[in-house]
Amino acid sequence: MMRRYLITLFSTLMMLGAYSVYAQVSQRLLSRSHTNHATAKRPIIHNVPSIGPRISQETAEKYLPDAPWAVNARAKIRADGLHLFFNEKKLVNGNTEIEVSPVAMVFMGDETENPDDQKLPIVVLAERAIFQLDEAAELSEIRTRMINKIMFLGGVLIRGDDNLQVRGSNFAFSRDNKNISSYSPIHFRFQEHQGLATNIQINLQMRDGGAYADNPQIESVTDIFISEHLEMNLKPDGDEPPVLVTSEGSFNYVFDTQLAILKQDVLVYRMDKTGLADSLTCDSLALQFGEKLNAIPSENNTLGGSSNLELISLTATGNEVIAKSSANQLEAVGERLTYLLRENKLILQKNRGVEIEYRGAELFTPRLEIQVDDHQQPIFAKCDGPGQVKYLDKPDGDSVQLIQQSAIPAILAQANWQESLTFMPDADSQGQLDLITLTGKAVMHSPVHQSGIISNSIKVWLKRIEQETSVNASTNKSLSQEQDVQIVRTFAEQNVAVVSPYLEGEYESLDIHFDRQSIATLAALKGETPETTDSTDTTTSNNVASDPAGQSAATEKRSPLQKIPKEPFKIDATHLTLQVVHDPEFKDVHVAHVKTEGIVKANGLIEGQDDPVHLDGQSVDIANGGEERQRFHLLGTDERYASIRSGEMRIDGIDLFVDRAQNFSRVMGGGAIEFPVKSNWNGDKLQQAQILEVSWKEQMRFEGRTAHFVGTVRATIGDSVITCEELKVHLDQPISLKSTSMTIKPQIASIECRDRVRFEMNQYENGVLIGIRYLDVWSYTMNQQTGAMNAQGPGTIEFWQRSNGKASLGLPQGMMGKSTSEKSPAKKSGWDYTRITFAGHMDGNYLKRQGTLHDRVNVLHGPVSEPLSRFGRDNRPPQSVWVQSQLLEVALREVPKDPKKPAEEQTPWSIEVQAKGNAEIEGDQFLAKADLVTFDQSNQMFTMRSLENRHATIWHYEHPQAARSRYDVKMIRISPDGNILELDRTLGASGSR
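Dropping the structure here:
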């Protein structure tokens, strides 16, 4: 708006028509050359028929069509390009005044120039002119030094080149006051511009007195002054409408400083073709001119004039400097407005804050600086000092009721700062984006979206989008849509805090990237179905009446797709990057991607969850596909694992990935996982779920029903621990990562353990430790649903069990997990220790309570004073036994209840053990070898048998150092204390007993 018509306005002000006229008239009238020429050819004019040079008559015919009397004027005087015409002369006041009438003056300039190059002359027409002299003189005796004042009385017309016209009355030249003035209204026209003023005064710089006493000269015009009321209608280039300029006070143009000043109620007004107005009002308007850059020096620079001047700046001041543009929906109020034309820079200032309204936005700042390009597009802007900008909800055709009932429009967005706001093209985008920077406790807030950011510095990247508009646009709405602005990115740093329905947190930096999509695309991204907005019209209208502030109505205008979470997702991190997808009107938003750097802590609800998700790590990467389609990628360190936790489920790791949609997670490097199960390692159902905890060093994969762990694995359920290099846990039903409420807790379906497998299991009864079991093998598998189990040796089984007073191998407790009595605790007389080693493999069925150990099986069993105490074959304690065989079979049989025995004397289970192949058994008083050794706990008997034509051998003794008795038999039965109860088919015997 400014540059389009103000340049035309202010470059014409120095002219005002009158300056060019008086400059040339005065120069020629009072110059020495003119005086000398007039003296040499001084005519004596009387009331006689027309006389004068023929060239003057031709001049009158050509240049004075509006003064036909001049052709036959009685007096025609020509002197140095000046042609003077009049009919009557009169000497008055004792010959001190000479009055001529009517009068016409034509200033031809340099008559030696080519006529084709000459400009139109300056013409002055007046009803009469009076020359006031310092002393009485005849016309033929007048000299320049004698002229004190010249007055053009009555109607005066001044014409010149470029359609110059000045109409007025009573112009006067005063030698004493050194000015040319008129205190009557004047009308002027120059080119297509025209105007009026109530008076005018042109002040002169003269050479007078001293050496110039006999030849005074006008050296230059110092300034032009109008005391009150100036009006100008300026016509810009092209088809632009005229510009009106008015001033109720004074106008002053000083040639030395090339400064023009208009004062009191200054108005600049323009109305475009559609009837929309632009205006500037102020108390004072200062216009600074200067020489044109790279201009060719002008020879016509006499009297202070120059044809190479151009407006270089304007400054409007006052209590209220108001600039308005209806077409641009702009209104600015300040105390000082400065426009630097060469830099295309505009500066607005106000101590209490400049107030600007622009297309639904309100800006408040002490100082605003704007720089535009040649197409009037902003390329730089800066607000200095504390400020604020607000974007208001634009009224549309459906919001008439809102406008009528809401005194204050709803605020869509608001920004505050304490130091500065700058706007400039982003150099890194090669001019494709604009960059806005807020510094000093910068705040961005959206009441409609209930969102806000605060930090020391905020940067916003914008993209301008050109839109097609109607050629015959006639409304504000159509004109305002010429260009749209799309937010592309926001970056905040230093002491950043964010609050919104979706996100809360504190950061050192926050980087948000925006992606504008259609409503349908956004709905598809979120996995939703677009809905029509017709159903919301009634709701919106109803809400307006009950909400005077219009806030609810603005909120209702959100897209029906938008879902506000129950609580925001809280993320505290060093650096946070977000990708936000939104609809064209920014009423529906979707956080599509989250990325953090530095230590991060986060928690909040996500789609489909009853329990909040807790995130912890060195960095977090979240891809949000809407609904249950989230992917989490967290990074940690060896010292501090990343963690994701929801409800009773938790996953830790160095490099952790979770895909909710695929129900999949994996960890590269070390980590840990926790989730509840309803069974133990043996498949026994638990009355209350316990947490399964697994840690590892290399990697983990979890796919809902199966978890695979690699590298120094440690798995715990209650007091039972498995360690190995590789572990697979299969569940009877999948754990859903889409919903972590865990209302249905799984049971362990099977496990697979490989490489250096170790089981550590503690057994408690009524809170008292009654058993400890260790299993060391190379691999172990167990199907808890079928009961099948298999272990690959070499392996070792160790267990400690509270003594029940009955000497047995203790295998039921060690291998099958059943206590001697399920109803009463065992006698606390001590502990039994059992150690089993085998070189082959072990298989069996847990549910069937049977198992088999293969290849070089060794069994040690005996009492110890406390758990974890051990002994070997060579230092067996009393009442201990050692068994060796190639194969060992163990079966646990349920014993029917005997109603004749007290409950505390009955055992619900009985063990049967068979040692096959080169079996040996050694007790306190015997040593036996046989093909088959069996033990039946129900009758407390050992049985040794030989197969085929071989025989079994037993050595019996009172103590190991005593003499031994030997029996070679096919079968022998013996009690645990070594008493021989039965011999079958004795083949030989030796020794004594």
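In terms of my numbering, the sequence shown has 779 at position 542, counting the first letter as 1, and numbering is strictly consecutive.
Just so you know, even glycine gets a beta-carbon here, dropped at the ideal spot from N, CA and C.
Integer-rounded CB distance, given that residue j should sit under 8 Å from residue i
i     : j     : result
G571  : Q586  : 6 Å
P1104 : Q1116 : That pair is no contact at about 17 Å.
R1113 : Y1070 : Not confirmed; about 10 Å, so no contact.
S951  : P971  : For the record, residue 951 in the displayed sequence is Arg; it is not Ser. Actually they do not touch by this definition, with Cβ atoms about 24 Å apart.
Q369  : E334  : 5 Å
F526  : L499  : Not confirmed; about 14 Å, so no contact.
V361  : M345  : Rounded, the Cβ-Cβ distance is 13 Å, inconsistent with contact.
F1075 : H1098 : Between H1098 and F1075 the Cβ distance is about 15 Å, and since that is not below 8 Å, they are no contact.
T575  : T552  : 5 Å
V626  : A652  : 5 Å
Exposed unless 16 or more other CB atoms sit within 10 angstroms - verdict on residue i
i     : result
T874  : exposed
Y1017 : buried
E606  : buried
T833  : buried
K1065 : Legend: pLDDT at K1065 = 48, less than 50; position of this residue unreliable, value from coordinates given subsequently. When all chains shown are included, K1065 counts as exposed.
Y1001 : exposed
A790  : Bear in mind that a pLDDT of 41 at A790, under 50, signals an unreliable position, so the number given afterwards is only what the model happens to contain. Counting Cβ neighbours within 10 Å, A790 comes out buried, since at least 16 surround it.
D1221 : exposed
A450  : exposed
T777  : Residue placement at T777 is flagged as unreliable, the pLDDT there being 35, under the threshold of 50; the coordinate-derived value follows with that caveat. T777 is buried by the Cβ-count criterion.
Q207  : Residue 207 lies beyond the stretch modelled for the chain, which goes from 238 to 1230, so this question has no answer here.
V831  : buried
I282  : Residue placement at I282 is poorly supported in this model, since its pLDDT is 37, which falls under 50; the coordinates are not used for a value here.
I292  : exposed
E193  : The requested residue 193 does not occur in the structure, where the chain is confined to residues 238 to 1230.
E298  : exposed
E1219 : exposed
T1223 : exposed
G331  : exposed
H1196 : exposed
V329  : exposed
Range of the contiguous beta strand (DSSP E) that encloses residue i
i    : result
Y449 : Premise fails: Y449 is in no beta strand (DSSP E) and is neither H nor E.
R993 : 985–1002
A679 : 671–683
H686 : First-last for H686: undefined, no H or E at that position.
N840 : 837–841
K807 : 806–809
G941 : Premise fails: G941 is in no beta strand (DSSP E) and is neither H nor E.
L872 : 867–872
I859 : 856–861
N900 : No beta strand (DSSP E) holds N900; DSSP gives it neither H nor E.
A652 : 648–654
A310 : It is not in any beta strand (DSSP E) - A310 carries neither H nor E in the DSSP assignment.
F323 : 319–329
N400 : Counting along the chain, N400 falls outside any beta strand (DSSP E), and DSSP gives it neither H nor E.
I972 : Here I972 belongs to no beta strand (DSSP E), and DSSP marks it neither H nor E.
R365 : 359–370
H827 : 826–834
Range of the contiguous alpha helix (DSSP H) that encloses residue i
i    : result
A341 : From DSSP, A341 is part of no alpha helix (DSSP H) but of the beta strand (DSSP E) over 334–344.
R382 : Unbroken run through R382: none, as it is neither H nor E.
E741 : Looking at the DSSP string, E741 is not in any alpha helix (DSSP H); the run it does join, the beta strand (DSSP E), is 740–753.
T296 : 291–300
Residues bridged to residue i [DSSP beta-bridge criterion]
i     : result
N919  : Partner(s): none; N919 has no beta bridge.
D1080 : N1027, T1089
G955  : Beta-bridge pairing links G955 to no other residue.
G1099 : Y1070
L1184 : For L1184, which the question treats as bridged, DSSP gives no partner whatsoever.
A618  : I607, F660
* To do: With a floor of 3 residues, list each beta strand (DSSP E) that falls wholly inside the stretch 562–595, ordered by position along the chain.
  => 567–577, 582–595
* Asked: In chain order, which continuous runs of the beta strand (DSSP E) of length 3 or greater are located wholly inside the stretch 1147–1175?
  -> 1163–1173
* Hey, which unbroken runs of the beta strand (DSSP E) at 3 residues or more fall wholly within the stretch 403–470? -> 416–419, 423–427, 430–434, 437–444, 454–463
* **beta strand (DSSP E) runs contained entirely in the stretch 467–535, provided each spans 3 or more residues** => 467–471, 480–484, 488–491, 496–508, 514–528
* To do: Return the chain-ordered ranges of every alpha helix (DSSP H) run that is complete within the stretch 1186–1213 and spans a minimum of 4 residues.
  => none
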